[in-house]
Amino acid sequence: MDKKRFIRGALGALSSGVIALGDGTAAAADTPGPSRAPAETIQASSLSQAWDKVFPEDARVAHRKVVFHNRYGITLVGDLYEPRARSAGQKLPAIALAGPFGAVKEQVSGRYAQELAARGFLTLAFDPSFTGESAGQPRNTTSPDINTEDFSAAVDYLLNNPETDRGRVGILGICGWGGFALNAAAQDPRIRATVTSTMYDMSRNIANGYFDNGKPKEELRASRIAARKRISAQRTADYRTGLYAMAGGVPEKLPAGAPQFVRDYHDFYKTKRGYHPRSFGSTTGSTLSSLLAFMNTPINVYAGEIETPVLLIHGEKAHSRYYSEDVYRRLTGQNKELLIVPGAVHTDLYDRMDVIPFDRIEAFFRKNL
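Residue numbers (mature numbering (1 follows the signal peptide of the UniProt record, and there is no 0)): -28 to -1, 1 to 341.
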């Protein structure tokens, strides 16, 4: 057989899904079909509906547990809030909410969700993968990719929910989840509007530490290299023992001379004000090995390409204010806003109902959803 005839025959066999084997026999080529979404590993009906939030229940709002999955097959659990005053069959603009980093839906995102539901929105406060009531092992693992994906998974759910006014879906991220919200908005144009409150860029924070704008680049580089060596050695031990070392949450007892922002965190996560046993911010912190991915995977690289409206909210006296200000400078277009709340520190925007600018948040979503 000449070379040209051989090539034509081989191409024909491949195109018909049959591969000629060396011994003259033939076998059907593997032709995998579409991947199938997995069955949810948690059923909403199995979850307690008891009120276990750190904030009071609002009689104007109904809520129920729901489940949905992300593209990694992890089942997420959320609280779906809706106004009791809605008309039968009325479809509502919808908002997915998460944060702060290390928190669960019973702490901050649920508070925001309940208030926005009272103002006429369908809202979904969810626990991220590996945390709270959501699935995923090992527990309290974090990931810049998966945590960004969780927001898009919540959008998947809301866009397929018959109660949603189709297409009118936004997101709201608090603290570290503000950074993930921006990352999701950059990659997912289905998100029509994004609000961040007291935003952290967790990749930048973990890679550079607090206030990186005051440290020389070589010092930051040396710190990252040392941290990678230390955490990678811990990974070896984790695999050997089968137990994952934890990064440590907010300390049980404040060290002498602790910065004010650490005191503010302690006042929220470690007291009746905000403590929740499922929150790794209140307890163990994330798995230590999670930190490696954040050092090497910057989020918000493409924040400047977000084409949909963005509202960044930060406290005037927040130690983290520079995160929002830096991102704001990178955003383009006329539909980007930076709102600085006078006198507020970082954690004031977690739960201070007299400080959180809900009127501005509501107006922003009504205009842009």
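Glycine residues also receive a C-beta, built at the ideal position from the N, C-alpha and C atoms.
If you're wondering where the values come from, they're calculated on a predicted model, not measured in any experiment.
Contacts around residue i, its chain only, beta-carbon distance under 6 Å, and the 5 residues preceding and following it disregarded
{"i": "Tyr129", "result": "Phe40"}
{"i": "residue 354", "result": "Shown here, the chain extends from -28 to 341; a query on residue 354 therefore has no answer."}
{"i": "Tyr216", "result": "Pro110, Asp210, Thr259"}
{"i": "Asp30", "result": "Gln86, Ala90"}
{"i": "Thr114", "result": "Ser258, Ser262"}
Cβ-based neighbour list, residue i, same chain, cut-off 8 Å, excluding 5 preceding and 5 following
{"i": "Leu48", "result": "Val39, Phe40, His41, Asn42, Phe98, Asp99, Pro100, Ser101, Ser106, Ala107, Asp122, Ala125, Ala126"}
{"i": "Arg164", "result": "Gly139, Arg140, Val141, Gly142, Thr280, Pro281, Asn340, Leu341"}
Burial state of residue i (16 or more Cβ within 10 Å)
{"i": "Asn155", "result": "buried"}
{"i": "Asn112", "result": "buried"}
{"i": "Trp23", "result": "exposed"}
{"i": "Ala275", "result": "buried"}
{"i": "Glu277", "result": "exposed"}
{"i": "Gln21", "result": "exposed"}
{"i": "Thr208", "result": "exposed"}
Euclidean distance between Cα positions of residue i and residue j
{"i": "Thr166", "j": "Lys339", "result": "12 Å"}
{"i": "Asp320", "j": "Arg212", "result": "42 Å"}
{"i": "Arg196", "j": "Met267", "result": "7 Å"}
{"i": "Ala316", "j": "Asp51", "result": "28 Å"}
{"i": "Pro270", "j": "Ser175", "result": "5 Å"}
{"i": "Phe337", "j": "Thr3", "result": "45 Å"}
{"i": "Phe330", "j": "Pro249", "result": "28 Å"}
{"i": "Thr136", "j": "Tyr172", "result": "29 Å"}
{"i": "Gln159", "j": "Ala228", "result": "43 Å"}
Proximal residues to residue i (C-beta, below 7 Å), its chain only, five neighbours per side dropped
{"i": "Thr(-4)", "result": "Residue placement at Thr(-4) is flagged as unreliable, the pLDDT there being 49, under the threshold of 50; the coordinate-derived value follows with that caveat. Excluding residues within five positions, none has a Cβ falling inside 7 Å."}
{"i": "Arg332", "result": "Leu311"}
{"i": "Lys37", "result": "Ala16, Leu19, Gln21, Val49, Asp51"}
(Q) Could you tell me which whole beta strand (DSSP E) segments of length 3 or greater appear in the stretch 82 to 159? (A) 94 to 98, 136 to 146
**Q.** Length-filtered (3 minimum) beta strand (DSSP E) runs lying within the stretch 272 to 305
**A.** 282 to 287
Q | At least 3 beta-carbon pairs within less than 8 Å: the stretch 192 to 205 vs the stretch 222 to 240 | A | no
Q) Unbroken beta strand (DSSP E) runs of length 3 or more, entirely within the stretch 14 to 66: which are they? A) 33 to 41, 47 to 55
Q) Are three or more beta carbon pairs between the stretch 179 to 186 and the stretch 139 to 153 nearer than 8 Å? A) no
(Q) Whether or not the stretch 83 to 93 and the stretch 54 to 66 are in contact is what I'm after, with contact meaning three or more pairs of Cβ atoms, one per stretch, closer than 8 Å; do they touch? (A) yes
Q.
Would you call the stretch 216 to 227 in contact with the stretch 49 to 61, where contact means no fewer than 3 C-beta pairs closer than 8 Å?
A. no
Q: Tell me the start and end of each unbroken alpha helix (DSSP H) in the stretch 225 to 262 that is at least 4 residues and wholly inside, in chain order.
A: 232 to 241
Q) Are at least three pairs of beta-carbons, each pair with one atom in the stretch 238 to 250 and one in the stretch 185 to 195, less than 8 Å apart? A) no
(Q) Quick check on the DSSP output: what are the complete alpha helix (DSSP H) runs of length 4 or more inside the stretch 307 to 338, in order along the chain? (A) 320 to 323
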